[in-house]
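By numbering that gives the first Met the number 0, the letter at position 69 of the sequence shown is numbered 68, and the numbering carries on one by one without gaps. No residue lacks a Cβ here, since even glycine has one placed at the ideal position from N, Cα and C. Being a predicted model, the structure only gives us computed values, none of them experimental. Everything on this sheet refers to the single structure shown next.
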Amino acid sequence: MSLLTLRSVKKTYADQTVLQDISFQLDRGDRLCLIGNNGAGKTTLLRLIMGLENPDEGQITIAGGTVCGYLPQELDQAGAERDTDWISPEIRGLEQAMRQAEQKMASLGNRPEGDPELRAALASYADLHSRFEALGGYG
Numbered sequence: 000m001s002l003l004t005l006r007s008v009k010k011t012y013a014d015q016t017v018l019q020d021i022s023f024q025l026d027r028g029d030r031l032c033l034i035g036n037n038g039a040g041k042t043t044l045l046r047l048i049m050g051l052e053n054p055d056e057g058q059i060t061i062a063g064g065t066v067c068g069y070l071p072q073e074l075d076q077a078g079a080e081r082d083t084d085w086i087s088p089e090i091r092g093l094e095q096a097m098r099q100a101e102q103k104m105a106s107l108g109n110r111p112e113g114d115p116e117l118r119a120a121l122a123s124y125a126d127l128h129s130r131f132e133a134l135g136g137y138g
């Protein structure tokens, strides 16, 4: 059974034809890779499949119960206050806690290694760092 079928799909913007006579079928278990130069129509094809745009010609059929997903190339800047808005609040909180722990360790820097307060600050930072890294904070 076909999950996705495109038949003679065409898409034009102004006078520029981006996609013409695109036909293919994607069956359960198939894999598809889109490769092409910038402007070749890869994103347009995905937007058509997702129903975010309509083809000028042709037909796109998606089997019932099929779940499609699409991650745009660029973040929507209309509602974004800064570039880090997409980072999870948990990662941001851990990052802030790590900065505070770093300041605490810096203020205790002149103490001997065995000092209980310094050891506690180091252990706290190590725990925060491990959680940050496990959640993909460096990704």
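Within 10 angstroms of its Cβ, does Ile21 collect 16 or more other Cβ (buried), or is it exposed? Residue mapping note: residue 21 aligns to position 22 of the sequence shown, counting from 1. Ile21 is buried by the Cβ-count criterion.
Quick one: complete alpha helix (DSSP H) runs, 4+ long, within the region 58-134? 88-106, 115-133
Expressed to the nearest angstrom, what Euclidean distance is found between the alpha-carbon atoms of Pro111 and Leu117? Position 112 of the sequence shown, counted from the start, is the residue given in the question as residue 111. Position 118 of the sequence shown, counted from the start, is the residue given in the question as residue 117. About 8 Å.
With a 10 Å radius around its C-beta and 16 neighbouring C-beta atoms as the bar for buried, classify Pro115 as buried or exposed. What you label residue 115 is simply residue 116 of the sequence shown in a count that begins at 1. Per the 10 Å Cβ criterion, exposed.
If you draw a straight line from the C-alpha of Leu2 to the C-alpha of Leu33, how long is it? Here residue 2 refers to the residue found at position 3 of the sequence shown. Here residue 33 refers to the residue found at position 34 of the sequence shown. Distance between the alpha carbons of Leu2 and Leu33: 17 Å.
Can you grab the Cα-Cα spacing for the pair Leu44 / Cys67, in whole Å? For the purposes of this step, residue 44 is taken as the residue at position 45 of the sequence shown. For the purposes of this step, residue 67 is taken as the residue at position 68 of the sequence shown. Taking the straight line from one Cα to the other gives about 13 Å.
Identify which residue in Leu47, Arg46, Val17, Phe23 has its Cα closest to the Cα of Asn37. Indexing the sequence shown from 1 puts residue 37 at position 38. Closest by alpha carbon: Val17.
Run of the alpha helix (DSSP H) containing Leu2, from where it starts to where it stops: Taking the sequence shown and counting its residues from 1, the one referred to as residue 2 is at position 3. Taken as a continuous stretch (DSSP letters only), Leu2 belongs to no alpha helix (DSSP H), being part of the beta strand (DSSP E) at 1-12.
Any beta carbon from chain C within less than 9 Å of Leu107's own beta carbon? Within the model displayed, chain C is absent; a lone protein chain is all it includes.
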